[in-house]
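S.K.: Chains as they are written, first to last, in the numbering used here: chain A, 1 to 325; chain B, 326 to 650.
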């Protein structure tokens with residue numbers, strides 16, 4: 001087993017996004033040896049998508065010494081179910097939105113290596129544990145702040161999948177039980193409705209509309225306003241934009257205080273676009289957490305920013321799932 | 326190892342409560358072979374408490390064939406830290422309220438067997454997994470509804486202790502972020518402030534004070550009203566008492582919906598005095614859960630009442646920790 005592992009020094013990582021599918025061949029130190037990509041859309045069937053993927057992969061597999069050097073493949077994908085290796089009812093995939101796609105099996109049969117699949121936030125958590133700031137940690141929570149709010153929870157050194165493979169949906173705990181904002185999940189008041197990129201833009205629009213206070217953000221058409229605009233304005237010292245980040249961070253900190261009551265993690269690790277705002281978002285998170293958390297948990301948890309390089313983080317995270325097989 | 330285990334067919338369980346310390350010697354089927362008890366209070370030092378415990382234990386250990394038949398001891402205790410085997414700053418123990426008591430070590434040295442210790446809700450969770458309704462389950466949450474609201478969380482077949490041994494404080498997630506009731510932990514709006522026995526009594530008092538509606542509960546002096554009175558009145562069809570249970574169950578169901586987003590358990594198992602109200606509390610919990618939970622989790626989780634016999638449940642739970650050593 002060990003002898004075989006040393007003969008197979010690489011795993012393939014696939015970051016399957018709504019637009020692009022990015023492949024990387026990664027060694028055990030997290031170094032990406034070769035990379036390629038295809039468009040995710042434009043295929044009628046999942047088989048056609050896998051055909052195009054394997055054609056692109058063949059080239060980089062040859063570059064690293066052939067399929068004999070590949071131990072496994074890991075896929076990070078929306079609505080990925082780790083237990084079944086399936087993508088289930090993914091609304092943004094034209095070959096996957098109306099059913100259950102056995103993607104891990106399809107790749108495994110074509111490549112002849114084991115393939116594991118999970119959602120992107122879980123992949124990020126394993127990536128942090130193997131290559132990132134969570135090395136050596138057994139209990140931590142990764143929170144991804146992007147279009148949505150995702151999470152990957154590690155307890156006792158294992159990713160939490162729950163009874164059905166769908167555990168770790170911390171973007172959908174309820175933070176406002178009354179008059180909550182509508183969320184994409186069909187319910188109201190979810191963390192994601194406030195702390196995702198779209199949630200931040202909405203908070204900014206609401207604050208702009210409800211006051212006359214001056215702000216750089218007034219120069220942008222309300223419907224075009226993004227969380228990036230808020231971050232840029234906040235970085236320039238815009239008070240209103242800073243207030244939006246403070247509101248967002250305070251809610252995230254209060255949510256993390258509840259998460260601590262669940263699994264008492266050593267660290268909360270933040271990942272994704274919003275985190276680029278740095279202390280503008282991290283400071284309100286930390287302060288709100290310490291103010292809200294149960295006394296026995298005070299001054300224990302670390303608040304960290306992902307240690308994975310932005311561009312390759314998702315591929316590294318996906319590849320990391322491959323080492324876990 | 327196995328041969329030795331069969332020669333040591335028993336574990337000792339200690340349910341260490343604020344008033345009584347109940348000991349049982351238990352076999353692997355959960356049958357209590359012998360039992361004894363001492364008062365928990367009345368000792369100046371923990372050493373004196375352990376002396377009295379061991380004196381009482383000697384008698385029942387002899388009854389089952391001597392210390393050679395004992396594999397280990399498990400203790401369920403307030404503020405128990407599994408990692409360290411300590412009781413930490415337990416407010417209700419006169420020999421333990423002002424520091425860290427290495428109780429597992431003290432018993433282990435006196436008895437010559439390994440000793441594990443955890444809090445009572447965690448002991449209940451292990452008890453359900455080994456002897457109760459959670460047999461065969463790998464992912465479930467036990468919620469104890471007593472003087473407080475406690476919890477024991479099992480993920481991948483392991484109890485969740487977190488980085489410091491204090492994970493699983495689900496009684497202290499915040500359910501009312503505005504105008505929340507004060508909680509014993511010093512914060513406001515905790516689940517425990519509403520759904521513990523004292524929380525239920527308070528809900529009844531508030532409802533009685535805020536309306537003129539008739540109720541059997543009006544026959545009881547407000548300050549003497551307990552959750553048991555509410556349960557008895559509800560059982561007799563008292564509308565106001567039923568409304569109190571409905572309110573309590575709805576909040577528990579909404580809380581469980583958030584817990585599902587964390588660990589997607591196969592079952593929620595309820596334990597403790599309030600559960601004796603049966604469907605009066607369980608039905609509102611179930612209905613509220615299904616109404617509040619993220620769509621992918623709907624109609625999946627079971628809602629169960631503890632399968633452990635009331636009187637011996639705590640001792641069985643504590644003993645179960647011994648098998649896990």
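We treat Cβ as the ideally placed atom computed from N, Cα and C, and that holds for glycine.
Leaving aside the five residues before and after residue 27 of chain A along the sequence, list all residues of the same chain whose C-beta is less than 7 Å from its C-beta, in chain order.
M.R.: 9, 10 and 33, listed in sequence order.
S.K.: So is residue 299 of chain A buried or exposed if we call it buried at 16+ other beta carbons inside 10 Å?
M.R.: By the 10 Å Cβ count, residue 299 of chain A comes out exposed.
S.K.: Which of the residues in the region 68–93 of chain A, read from start to end, lie with their CB under 8 Å from any CB of chain B?
M.R.: Those would be none; no residue qualifies.
S.K.: What does the alpha-carbon distance come out to for the pair residue 322 of chain A and residue 114 of chain A?
M.R.: Computed Cα separation, rounded: 8 Å.
S.K.: Please report the residue range of the alpha helix (DSSP H) in which residue 606 of chain B lies.
M.R.: 604–617 is the extent of the alpha helix (DSSP H) around residue 606 of chain B.
S.K.: With 8 Å as the threshold, decide whether the Cβ of residue 447 of chain B is near any Cβ in chain A.
M.R.: Output row for residue 447 of chain B: interface = no.
S.K.: Mind checking whether residue 420 of chain B and residue 347 of chain B have CB atoms under 8 Å apart?
M.R.: No, Cβ-Cβ distance for residue 420 of chain B and residue 347 of chain B is not below 8 Å.
S.K.: Go to residue 500 of chain B, then tell me how far its alpha helix (DSSP H) extends in each direction, as first and last residue.
M.R.: Neither: residue 500 of chain B is in no alpha helix (DSSP H) and is coded neither H nor E.
S.K.: So, helix, strand or coil for residue 650 of chain B, using DSSP?
M.R.: In the structure shown, residue 650 of chain B sits in coil (DSSP, three-state: anything other than H, G, I, E or B).
S.K.: For residue 576 of chain B, which option in B/529, B/360, B/516 and B/563 has the closest C-alpha, if you only look at C-alpha atoms?
M.R.: Closest option to residue 576 of chain B, Cα to Cα, is B/516.
S.K.: Note the first and the last residue of the continuous beta strand (DSSP E) segment covering residue 352 of chain B.
M.R.: Its beta strand (DSSP E) spans residues 345–352.
S.K.: Mark residue 611 of chain B as exposed unless 16 or more other C-beta atoms lie within 10 angstroms of its C-beta, in which case mark it buried.
M.R.: Result: buried.
S.K.: Beta-carbon within less than 7 Å of residue 194 of chain A's beta-carbon, same chain only, minus the 5 sequence neighbours each way: which residues are those?
M.R.: Within the same chain, residue 194 of chain A has close Cβ partners 175, 181, 203, 248 and 251.
S.K.: Which residues bound the beta strand (DSSP E) around residue 86 of chain A?
M.R.: Unbroken beta strand (DSSP E) run through residue 86 of chain A: 86–88.
S.K.: At a cut-off of 7 Å, is residue 130 of chain A close to the ligand GTP when judged by its beta-carbon and the heavy atoms of the ligand?
M.R.: Looking for the ligand GTP in the displayed structure turns up nothing, as the structure carries no ligands at all.
S.K.: Under 9 Å between beta-carbons, which chain B residues line up against residue 23 of chain A? List them in chain order, please.
M.R.: Within chain B, no residue comes near residue 23 of chain A; the closest Cβ sits about 28 Å away, beyond 9 Å.
S.K.: Output the distance between the C-alpha atoms of residue 231 of chain A and residue 171 of chain A, rounded to the nearest integer angstrom.
M.R.: Rounded to whole angstroms, residue 231 of chain A to residue 171 of chain A spans 21 Å at the Cα level.
S.K.: Got a sec, what are the start and stop residues for the alpha helix (DSSP H) residue 445 of chain B sits in?
M.R.: Here the alpha helix (DSSP H) through residue 445 of chain B covers 445–456.
S.K.: Helix, strand or coil for residue 387 of chain A, going by three-state DSSP, please let me know.
M.R.: No information on residue 387 of chain A is available, as it lies outside the stretch 1 to 325 that chain A covers here.
S.K.: Are residue 40 of chain A and residue 24 of chain A touching if we call contact CB-CB under 8 Å?
M.R.: No. Outside cutoff.
S.K.: Thinking just about the alpha-carbon of each residue, which of A/59, A/122 and A/253 is nearest to the one in residue 38 of chain A?
M.R.: Ranking the options by Cα distance to residue 38 of chain A, first place goes to A/59.
S.K.: So is residue 644 of chain B buried or exposed if we call it buried at 16+ other beta carbons inside 10 Å?
M.R.: So residue 644 of chain B ends up on the buried side.
S.K.: What's the C-alpha gap between residue 541 of chain B and residue 87 of chain A?
M.R.: If I take the Cα positions, the gap works out to 55 Å.
S.K.: Just checking: is the beta-carbon of residue 498 of chain B within a distance shorter than 8 Å of some beta-carbon in chain A?
M.R.: Residue 498 of chain B counts as touching chain A.
S.K.: Taking residue 333 of chain A and residue 151 of chain A to be in contact with their CB atoms under 8 Å, please state how far apart those CB atoms are, rounded to whole angstroms.
M.R.: It is not possible to answer for residue 333 of chain A, since the shown part of chain A is limited to 1 through 325.
S.K.: Please report how far the alpha carbon of residue 582 of chain B lies from the alpha carbon of residue 615 of chain B, in whole angstroms.
M.R.: Cα-Cα distance, rounded: 8 Å.
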